[in-house]
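Take -6 as the starting number for the sequence shown in the working numbering and just add one per residue.
Glycine is no exception: its CB is placed at the ideal position from the N, C-alpha and C atoms.
Note that the structure is a prediction, hence the values are computed from the model and not measured.
In what follows, a single structure is set out as structure tokens and then discussed.
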Amino acid sequence: SYLLGAGRADCTGPVAEIPLMGYANPDQVGGGLLTRLYSRAFIVEDPVESRRVVFVSADIGMVSQRVRLEVLEKLKSKYGNLYRQDNVILSGTHTHSGPGGYFQYTLFWITSKGLIRPSLKAIVNGIVKSIDIAHQNMKRGRLFINRGTVENSQINRSPFSYLENTASERSRYSSDTDKEMVILKMVDRNGEELGLISWFAVHPVSMNNTNHLVNSDNMGYASYLFEQEKNKGMLPGEGSFVAAFASSNLGDVSPNTKGPFCVNTGESCNNPQSTCPVGGATMCMAMGPGSDMFDSTRIIGQNIYLKARELYEKASQEVKGPLSSAHQWVNMSDVSVELNATHTVKTCKPALGYSFAAGTIDGVGAFNFTQGSVEGDPFWDGIRDQLLGEPSNETKACHKPKPILFSTGEMTWPHPWHPDIVDVQIAAIGSLAIVAVPGEFTYEFDFHGTARMDVVIAGLCNVYTHYITTYEEYQAQRYEAASTIYGPHTLSAYIQLYRGLAKAIATNTVQDLPRGPEPPLFNVGNLTLVPALAADRVPANKTFGDVLQEVRQQYRAREVAEVTFVGANPRSSAENATEHNFLTVERYTRTSDSWHVVRNDASWDTRFYWTKGLFGRSNVTIEWHIPPGTEPGVYRIRYRGHYKKKLSITHSVSIPFEGTSSAFEITAL
């Protein structure tokens, strides 16, 4: 048996004015909250050899090198040599609706307006706290694994690229997406349930790039449903059972199952360029199965949850055996790959192609770029050369047939634009091998000599390096290929590196692996374009938390109770309280003459909107989408915030306040 621990902690960060990370759309900034973001940590220890493996899945776009280095630093000061770069895997779910700004490489500053300390701090502290909770709750227990197929939840976003793969490669799979879900079930010695990890390949982009509410998308909704079911009677974010729905090889996989349509004309735009006759590529958007993006998130999330629950209930194959982990830092811009006995190729300095700027059918780019572009454009080339410098001939030749838009590996001001040093990592728990990949793969791994192993790919781990496509897909130069930053042989290089790690684990020679060159930690100042946090103000004769627009007196299920308050910038709260709840829905109990919280701001059916006004004023609107089956009775909605008050030129304080709606009645249908 193993020692097992699971923990969950909030990592939401500021929900206003911070660009959301994922679609690279600078206009998509936070303006409120739909669901909270959590870090979920799992620790497994083999008590015989006292080895540990830590797996963390956080509701963030991806793990950045900056986040990883700061987390490891904090763990070292707390736990010494117990948790290290080789036995700690940090994975992001890839939600596109979480705050950005937690990167040290310059490229990511452009869309997320620099390095945003409060955002970085919330993620680092949340991850560390989730590991702390798991560490404190270790108990003897057992692990079970199961796998199955999830239907109706994904499509291939670049089917024309997939068809570039060889027929023999394609014949290994039944479809052009990986439909397999792998789940790991944790129970203690007495059979008490501790947690679940699910790995499944789909992009959490059911919420599209018009959304401004921070949330964890379809994967987060699956976690929410599982935890609500297991932690009976608890509010979201409470209770000891932890359910992580982690990312996998989701490179070209979209949850928008209706496929791509022209927003203006309604006709299909499922063509190699993903472009529309009128309006071009910007009009081509993929649609989910629901009536709107909230509904699509719910449907896809529920599909994933139901499959995980079925696999969890039936899981009977026990995971047993020793633990091991292998990790290397690799300079990915300079790897020699032996394709066969006579042929060696190399990876390239990082660069992004034209189709990167086109975006995908899940979120289109800002300019008139189209996907599948293998020619440059003199107009954009001219602008790039003026601003950023022309790519060297060496880089151009290395990346062929990719036309280079940004030669990020040759751009170093004010800091390098892309990482050279990348983590490769595998952790083995008995017969389960977790392959931690630093980006978005469109491919499934197949290790020779590990026939008895269950291999799962954990995506978006440790450092973000965009996409990794096959050599054949690379030739078509759609978005995913243009974003394969180390050139056409990127995937071959990774396969060679991961095979090396797998071999070291299999032959028990992990200690002989070279550590590799350590990644840099840049001394980044407060470089950000996010507006400074000004003092909050109120309209004449009003105070913070006053109701501006009252609820109705009566509602039925399926209606929306809505109230608007005199508000304050939510960023003032993020910097003060980690366990802050912006809203609660409370139900009146006659017998005890008291109010009981039935919903909080992490609940799926509540929405918190913040609207900025002039001169430091702002409003907060809270919606409760009353679900069917809600108990009739008397309810109210409460808002809690902090306003920033200047005491002097240099000093200001955040002062807590609250506001409450009138009581309203929910009647039976």
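| query | Of all the options Val198, Ile297, Gly402, Ile120, which has the alpha carbon lying nearest to the alpha carbon of Glu173? | reply | Position 180 of the sequence shown, counting from 1, holds the residue named residue 173. Of Val198, Ile297, Gly402, Ile120, the smallest CA-CA separation from Glu173 is found for Ile297.
| Between the stretch 213 to 227 and the stretch 70 to 78, are three or more C-beta pairs nearer than 8 Å? | No, they do not touch.
| So, is Ile11 buried or exposed, given that buried needs 16 or more other C-beta atoms within 10 angstroms? | As a first step, residue 11 must be located in the sequence shown, where it is residue number 18. Counting Cβ neighbours within 10 Å, Ile11 comes out buried, since at least 16 surround it.
| task | Pick helix, strand or coil for Pro152, following the three-state DSSP scheme. | result | Working through the sequence shown from its first residue, we reach residue 152 at position 159. Residue state, collapsed to three classes: helix.
| Rounded separation between Arg445 and Gly91 - CA only | Here residue 445 refers to the residue found at position 452 of the sequence shown. Here residue 91 refers to the residue found at position 98 of the sequence shown. Across the structure, Arg445 and Gly91 are spaced so that their CA atoms are roughly 38 Å apart.
| DSSP-derived helix/strand/coil call for Leu68 | In the sequence shown, residue 68 corresponds to position 75, counting from 1. Note: Leu68 maps to helix in three-state DSSP.
| query | Of all the beta strand (DSSP E) runs that stay within the bounds of the stretch 445 to 521, which reach a length of 3 or more residues? | reply | Within the stretch 445 to 521, the beta strand (DSSP E) runs of at least 3 residues that lie entirely inside it are, in chain order, 447 to 451.
| Alpha carbon to alpha carbon, what distance is there between Leu(-3) and Gly188? | Here residue 188 refers to the residue found at position 195 of the sequence shown. Here residue -3 refers to the residue found at position 4 of the sequence shown. Spanning the two alpha carbons is a distance of roughly 10 Å.
| said: When you compare the CB positions of Val195 and Pro248, do they come within less than 9 Å of one another, or not? | reply: The residue given as residue 195 occupies position 202 in the sequence shown. The residue given as residue 248 occupies position 255 in the sequence shown. A contact, by the Cβ cut-off of 9 Å.
| message | Does the contact criterion of 3 or more C-beta pairs under 8 Å hold for the stretch 396 to 411 versus the stretch 90 to 109? | response | Taking 8 Å as the limit for Cβ pairs, the verdict is that the stretch 90 to 109 does touch the stretch 396 to 411.
| said: Restricting to Cα atoms, I'd like to know which of Pro152, His573, Asp529 is closest to Lys639. | reply: By one-based count along the sequence shown, residue 639 stands at place 646. The option with the nearest alpha carbon to Lys639 is Asp529.
| query | In three-state terms, what does DSSP make of Pro396? | reply | Working through the sequence shown from its first residue, we reach residue 396 at position 403. Three-state result, Pro396: coil.
| said: Looking at the secondary structure, which residues open and close the alpha helix (DSSP H) in which Lys223 lies? | reply: Against the sequence shown, residue 223 aligns to sequence position 230. For Lys223, the enclosing alpha helix (DSSP H) covers residues 210 to 223.
| request: Please say whether Val60 and Leu83 have beta carbons closer to each other than 9 Å? | output: In the sequence shown, residue 83 corresponds to position 90, counting from 1. In the sequence shown, residue 60 corresponds to position 67, counting from 1. In this structure, the beta-carbon distance from Leu83 to Val60 falls below 9 Å.
| field | 9 Å Cβ cutoff, Ser485 in contact with chain B | value | Looking for chain B here will not work: only one protein chain is present.
| field | Nonlocal neighbours in the same chain, by C-beta distance under 7 Å from Trp597, ignoring five residues either side | value | Within the sequence shown, the letter at position 604 stands for residue 597. Once the five neighbours on either side are set aside, the close Cβ partners of Trp597 are Thr28, Tyr214, Tyr217.
| message | Starting from Gly188, trace the beta strand (DSSP E) in both directions and tell me its first and last residue. | response | To locate residue 188, count along the sequence shown from 1; it is residue 195. It spans 186 to 192 - the beta strand (DSSP E) in which Gly188 sits, taken as one unbroken run.
| field | Given Gly518 as reference, the closest of Ile109, Arg633, Thr388 once Cα atoms are compared | value | Position 525 of the sequence shown, counted from the start, is the residue given in the question as residue 518. For the residues Ile109, Arg633, Thr388, the minimum Cα distance to Gly518 belongs to Ile109.
| said: Going by C-alpha to C-alpha distance, which of Asn201, Leu316, Asn118, Glu260 sits closest to Asp288? | reply: In the sequence shown, the residue the question calls residue 288 occupies position 295. It is Asn201.
| request: Assign His336 to buried or exposed, taking buried as 16 or more other Cβ atoms, counted over all protein chains shown, within 10 Å of its Cβ. | output: Taking the first residue of the sequence shown as 1, we reach residue 336 at position 343. Under this definition His336 is an exposed residue.
| request: For Thr567, write down the residues that DSSP places opposite it in a beta bridge. | output: In the sequence shown, residue 567 corresponds to position 574, counting from 1. Strictly speaking, residue 567 in this sequence is Ala, with Thr absent from that position. Looking at the DSSP assignment, Ala567 forms no beta bridge with any residue, so it has no partner.
| Where the alpha helix (DSSP H) through Trp102 begins and ends | As a first step, residue 102 is located in the sequence shown; it is residue number 109 there, counting from the start. DSSP places Trp102 in the uninterrupted alpha helix (DSSP H) bounded by 100 to 105.
| query | Looking at C-beta atoms only, is the number of pairs between the stretch 454 to 461 and the stretch 390 to 401 that lie closer than 8 Å three or more? | reply | No: the two stretches stay apart, fewer than three of their Cβ pairs being nearer than 8 Å.
| request: Buried or exposed for Gln147, please, with buried defined as at least 16 other CB atoms from any protein chain shown within 10 angstroms of its CB. | output: The residue you call residue 147 lines up with position 154 of the sequence shown. Answer is buried; the Cβ neighbour count reaches 16.
| said: Whole angstroms are fine: how far does the CA of Thr614 sit from the CA of Thr557? | reply: The residue given as residue 557 occupies position 564 in the sequence shown. The residue given as residue 614 occupies position 621 in the sequence shown. Using only the alpha carbons, I get a separation of about 4 Å.
| In terms of residues, what are the limits of the alpha helix (DSSP H) holding Leu381? | As a working note, residue 381 is residue 388 in the sequence shown. Residues 371 to 381.
| Would a C-beta distance cut-off of 9 Å place Leu425 and Val312 closer than the cut-off? | Numbered from its first residue, the sequence shown carries residue 425 at position 432. Numbered from its first residue, the sequence shown carries residue 312 at position 319. Going by C-beta atoms, Leu425 is nearer than 9 Å to Val312.
| query | What are the boundary residues of the alpha helix (DSSP H) that includes Ala301? | reply | Sequence index remark: in the sequence shown, residue 301 carries index 308 (1-based). Taken as a continuous stretch (DSSP letters only), the alpha helix (DSSP H) holding Ala301 covers 286 to 307.
| Tyr548 bridges to which residues according to DSSP? | Here residue 548 refers to the residue found at position 555 of the sequence shown. Ile659, per the DSSP bridge assignment.
| Cβ atoms of Lys132 and Arg182: under 9 Å apart, would you say? | Against the sequence shown, residue 182 aligns to sequence position 189. Against the sequence shown, residue 132 aligns to sequence position 139. Against a cut-off of 9 Å, the Cβ pair of Lys132 and Arg182 comes out as a contact.
| request: Specify the secondary structure class of Met227 as computed by DSSP and reduced to three states. | output: Here residue 227 is taken as the residue at index 234 of the sequence shown, counted from 1. Here DSSP, grouped into helix, strand and coil, assigns Met227 to coil.
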